[in-house]
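Read the structure below first, then the notes.
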């Protein structure tokens, strides 16, 4: 028997199956510095212990997306090594803050299965839960991927498609314990705009652009111990459809989030991912721009110092976003649109 | 009103104005490792806790230029986002040592303003002060930049050009408290040459060369949270004068300083920047070489174990430095000279 | 006298000579994160404090090869700056675990000298010992390099070739104190295969491929403070035989070891390097694949929970390893084979 991991094929998954993923990972200040070097993030709460402690954190928390990528990366060897496409995300909630020194691991459960009519592939829905060393949840999300069958002669399982919400309800957003925004300093945070300043329908061009290099996205993707082969092997990719290494979609999410600082500088915590699509592939040499639209604003239970913004952040390649490029008249994403992310962010309210 | 930062234009600055810059940053061992990975620095006091503690530091201090870049990076969104040129530095003094875990922030004051005769741009002089979490000064320097006017019809302000010294006086150099060089080990430091071994006028070719990659300078510049657009956006730069991303001048300073170890291995602390010019632009693919000249040697008040060398370190691109390339007969920098840095370094004296 | 380091030439070495190498280095969590970003290593004991502490380590130890590269890097300025070729390794034993915060340094002794018949070069054999801040040995290995003579008119020294073993004896492998494998979790480690599952002669194709970028290998090599010029200076290399920067052989070793996780996921400690050859040069753009053969299996004295595998790991460039490419009919390495490493790894035994 081969000792290498062949990954799971469609018929290897069963409804309710639990997948205990390998390779727990102690995240450290080294990861924090690399995250800054790779994306240039400037959200002050993650950048400075002083800013975090001023509002009740015990230290600077790790960037929410750094946590998401580590939790996600663990699922790849079991869930998506034979994936044809990463189809979607839903009901993603970030949990307790993660600090340097915490150890993260991930467990997934299969919550849906549906074979495609071609009999060659199927869609697998998983709910993945990332936990720290105290078994506290740090991230909890669903995603679905299209996976190859190994043996196409096998019968299809009973189709089961989970009922996933369009968005996390604002009352279900997790607010870190002990937060008190009265100590928040907008000058040091770099933006005067608070929750009340954002209106539904408002669109913001984040203006700046960032070009991606192969060395960068590979270092990032390895840092998350994400083993998806298409990101690393130019020898193999050269023979494929694009001729190039594909960039991990999460790399683009992190770039877009970092770019969104320019216009959303106080939206310090990404609290939930409602939905996400990697609309078109991204390659080294592409320059990423981003814009955001405010989809909802919501107060939070028992809080008058903190509110939530539901945002759509769209990233493009080689296309500035002054006119908010999104979909064409046919309802399809424009070819230069690479990311459509729907999420909740927490932001201080006026005093 | 736009929520993105347009940066300040010339008419937005006023004499005496205080700029409290955003994004305090907790620097860590992660930054130290990245600094080593990016520049290959080998000064032993910054490399090993044992070497630093042997001479009275409480731990290995961060590289002085790492501190400078973080302090400098904070000023960019307010001072130089609309800058046409970074014209000069003066009176830069490094302060208390910075250790992993310290949180740095920067405040600047406008100390000079002079509109150019074309009425389209002006020169802004600022004094920027970086501080740690205890409000101790870690770096204090002046720089001046040429900034665009937004509205060229506005009248020019009264010109005010600050009187800046040619060099920091040696008696004003800050020596970290408690230093005692008797525990310094030249063998482990990698060089036998001490203060007395260097003579005014002596020139040293540092010999080694280092080629810069786009991934490297972008990671560095993001690590300092420096947001100057020309370093990151190839899509935009492709249309410009050079067709390429410009490299942050500080990246070249750090490379030149790291190269200078070969010949100045005991000059362990960069204590002051007297002047600096980024003479020509640097791009990915350029190979940096460097040479240094001893401009002055100075004893330090009340110290017989430590002296100061005033050095000019010149960096070139794609030009080895065996014959010390500098300026042409016309007094202008040769086209391959990219950096002319005048600074003070501290170095142990003979016992 | 020049203040720059010319490196040692063949006639500068003498039998029994001790070389106290410069630049002690405090290794940190920053190095650990960079190691993960550069190689994507997934061995669980190094990845997570929880996994390490479950088997008796006090914390997650640094990757053995990270330790080796730091120890090795220190020898370059004294041993191999004028080396023509890195000829071999032998009797390499890893010692006490290294943790973030330890300070490493290296001392070498010249154990052999043999001038080549051409009178222009000679072979220098050194035994290098890396130690931590408590003078405990962390790595102890021999290597031999071909070094240029400065003055070819000098007489040859009496030839002395040390008697080096083919392999470290299993009873000489160092097992970290206090290890108890009963707490080892194969599910979280990502592989079910233990010592008893591997048979002598078994070959494993590690399947995955990883393309190397110039930014990556230069960052790695600088991180180890390895100053060999051929890795960094494209301006100079462009004139040479290959026209490109050569990649540090240790970078390929680390990539091959990280790739070998897929098939050897529980071989958590690289305990000894028996022999190693960098068979062909590697350049940026090359995609590395690897395969391994089990050369020996050995129990360890007084341990029924831990065994040793002697492995040959072979890395290739731009050549997948399904048919285990190695040497041609002429007994020479195939042109795409870049590494042949013979080493011992520790792996848990069945309960």
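Residue numbers (the numbering used here), protein chains in the order written: chain A, 1 to 351; chain B, 352 to 702; chain C, 703 to 1053. We put the CB at the ideal spot given by N, CA and C, even for glycine. Keep in mind that this is a model prediction, so the values were computed, not measured.
Residues of its chain near residue 999 of chain C, where Cβ-Cβ distance is below 8 Å and the 5 sequence neighbours each way are ignored: 897, 900, 901, 902, 1009, 1010, 1011 and 1012
DSSP beta-bridge partners for residue 529 of chain B? Partner(s): none; residue 529 of chain B has no beta bridge.
Residue 512 of chain B in three-state terms, based on DSSP: coil
Collapsed DSSP secondary structure at residue 897 of chain C in the structure displayed: helix
Using the beta-carbon count (16 or more within 10 Å), is residue 610 of chain B buried or exposed? buried
Taking a Cβ distance cut-off of 8 Å, strictly less, list which residues of the segment 486-502 of chain B are near chain C, in chain order. For chain C, none of the residues of the segment 486-502 of chain B brings a beta carbon within less than 8 Å of one of its beta carbons.
With a threshold of 6 Å on Cβ separation, who are the neighbours of residue 437 of chain B within its own chain once the five nearest residues in sequence on each side are excluded? Within the same chain, residue 437 of chain B has close Cβ partners 496.
For residue 272 of chain A, is the classification buried or exposed, using 16 other Cβ atoms within 10 angstroms of its Cβ as the cut-off for buried? buried
Tell me the start and end of each unbroken alpha helix (DSSP H) in the segment 59-93 of chain A that is at least 4 residues and wholly inside, in chain order. 64-75
Could you check where the alpha helix (DSSP H) with residue 189 of chain A kicks off and where it finishes? Element bounds for residue 189 of chain A: 186-189.
Anything in chain A within Cβ reach of residue 380 of chain B, meaning under 9 Å, just list it in chain order. 28, 29, 30 and 33
C-alpha gap between residue 983 of chain C and residue 1016 of chain C, whole angstroms: If I take the Cα positions, the gap works out to 14 Å.
Would residue 354 of chain B count as contacting chain A if we go by Cβ distances under 7 Å? yes
Among B:519, B:464 and B:543, which residue has its Cα nearest to the Cα of residue 646 of chain B? B:519
Quick one: list the residues of chain B neighbouring residue 211 of chain A, beta-carbon separation under 8 Å, in chain order. 565, 569, 583, 584, 585, 586 and 596
Supposed contact pair residue 211 of chain A and residue 586 of chain B - C-beta distance, whole angstroms, cut 8 Å: Indeed they touch by this definition, with Cβ atoms about 7 Å apart.
How close, in whole Å, do the beta carbons of residue 304 of chain B and residue 692 of chain B come, if the pair is a contact with beta carbons under 8 Å? Lying outside 352 to 702, the shown extent of chain B, residue 304 of chain B is not represented and no answer is given.
Hey, how far is the Cα of residue 859 of chain C from the Cα of residue 814 of chain C? 10 Å
What does residue 393 of chain B reach in chain C if we use C-beta pairs closer than 7 Å? 725 and 927
Please list the partners that residue 189 of chain A has in chain B, where partner means a Cβ-to-Cβ separation under 7 Å. Residues of chain B passing the Cβ test: 373.
Short CB-CB distance (under 7 Å) between residue 483 of chain B and chain C: no
Check this for me: beta carbons of residue 620 of chain B and residue 47 of chain A, under 7 Å apart or not? no
Could you please give me the residues that DSSP links to residue 212 of chain A through a beta bridge? Note: residue 212 of chain A sits in no beta bridge, so no partner.
Neighbour list for residue 301 of chain A in chain C, Cβ cutoff strictly below 7 Å: Going along chain C, no residue has its Cβ under 7 Å from residue 301 of chain A, so there is no contact; the nearest lies around 34 Å.
What are the boundary residues of the beta strand (DSSP E) that residue 658 of chain B is part of? Secondary structure note for residue 658 of chain B: its beta strand (DSSP E) is the uninterrupted segment 654-668.
Excluding sequence positions up to five away, which residues of its chain have a Cβ less than 6 Å from the Cβ of residue 322 of chain A? 205
Start and end residues, beta strand (DSSP E) containing residue 354 of chain A: Since the displayed chain A opens at 1 and closes at 351, residue 354 of chain A lies outside it and no answer follows.
Quick one: give me the first and last residue of the beta strand (DSSP E) that residue 975 of chain C is part of. 971-979
With a threshold of 8 Å, are at least 3 pairs of Cβ atoms found where one atom belongs to the segment 558-574 of chain B and the other to the segment 684-691 of chain B? When Cβ pairs closer than 8 Å are counted between the two stretches, the segment 558-574 of chain B is seen not to touch the segment 684-691 of chain B, the count staying below three.
Along the alpha helix (DSSP H) that carries residue 477 of chain B, what are the first and last residues, could you check? Note, residue 477 of chain B: premise wrong, no alpha helix (DSSP H); beta strand (DSSP E) at 472-482.
For residue 355 of chain A, which residues in the same chain have their Cβ closer than 8 Å to its Cβ, ignoring the five residues on either side in sequence? Chain A is shown from 1 up to 351; residue 355 of chain A falls before or after that span and cannot be answered.
Does DSSP put residue 1047 of chain C in a helix, in a strand, or in coil? Of the three classes helix, strand and coil, the one that applies to residue 1047 of chain C here is strand, per DSSP.
What residues from the segment 396-424 of chain B come within 7 Å of chain C, judged by C-beta to C-beta, listed N to C? 398, 399, 400, 401, 402 and 411
Per-residue DSSP class, three states only, for residue 459 of chain B: strand
Mind listing the chain C neighbours of residue 222 of chain A? Cutoff is C-beta to C-beta under 9 Å, in chain order. Simply 738, 739, 740, 741, 742, 743, 912 and 960.
Suppose contacts are defined by Cβ-Cβ distances below 7 Å. Is residue 739 of chain C in contact with residue 223 of chain A by that definition? yes
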